[in-house]
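Position 32 (the sequence shown) corresponds to 49 in my numbering; numbering is contiguous. Read the structure below first, then the notes.
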Amino acid sequence: MTKEYFDGVLKTMATADNETYLTRQEVSNLLNVSLPTIWAWANKGVLVSYRIGNKIRYRKSEIIAAMKQI
18 MTKEYFDGVL
28 KTMATADNET
38 YLTRQEVSNL
48 LNVSLPTIWA
58 WANKGVLVSY
68 RIGNKIRYRK
78 SEIIAAMKQI
């Protein structure tokens, strides 16, 4: 992955509602990484996950903030 790729994703995400919650699969597709990578980043604290009932979700605004740090 390149910085240019992340910059393009950031521009796309900036136009949408940032307070929505995404599934692991949606985050994986958005960042073009595997589900185990999403899991590893959450365990390392790179991404913050939220348990809503029995489901894991990620806040879109926090995904954007994490991508800016990469």
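Built from N, CA and C at the ideal position, the CB exists for glycine as well. All of these numbers come straight from a predicted model, not from anything done at the bench.
Query raised in the report: Who does arginine 76 pair with in a DSSP beta bridge?
Result: Walking along the sequence shown from the start, residue 76 turns up at place 59. Arginine 76 is bridged to Tyr38.
Query raised in the report: Which two residues bound the contiguous alpha helix (DSSP H) that contains threonine 54?
Result: The residue you call residue 54 lines up with position 37 of the sequence shown. Residue range 52-61 is occupied by the alpha helix (DSSP H) that includes threonine 54.
Query raised in the report: For arginine 74, which residues from the same chain have a beta carbon less than 6 Å from its beta carbon, with the 5 sequence-adjacent residues on both sides left out?
Result: As a working mapping, residue 74 is identified with position 57 in the sequence shown. Cβ neighbours of arginine 74 beyond the five flanking positions: Tyr38, Tyr67.
Query raised in the report: Name the DSSP bridge partner or partners of tyrosine 67?
Result: In the sequence shown, residue 67 corresponds to position 50, counting from 1. Partner(s): Arg74.
Report task. Can you tell me which of the three DSSP states asparagine 46 falls into? Result -> To locate residue 46, count along the sequence shown from 1; it is residue 29. For asparagine 46, the three-state secondary structure derived from DSSP is helix.
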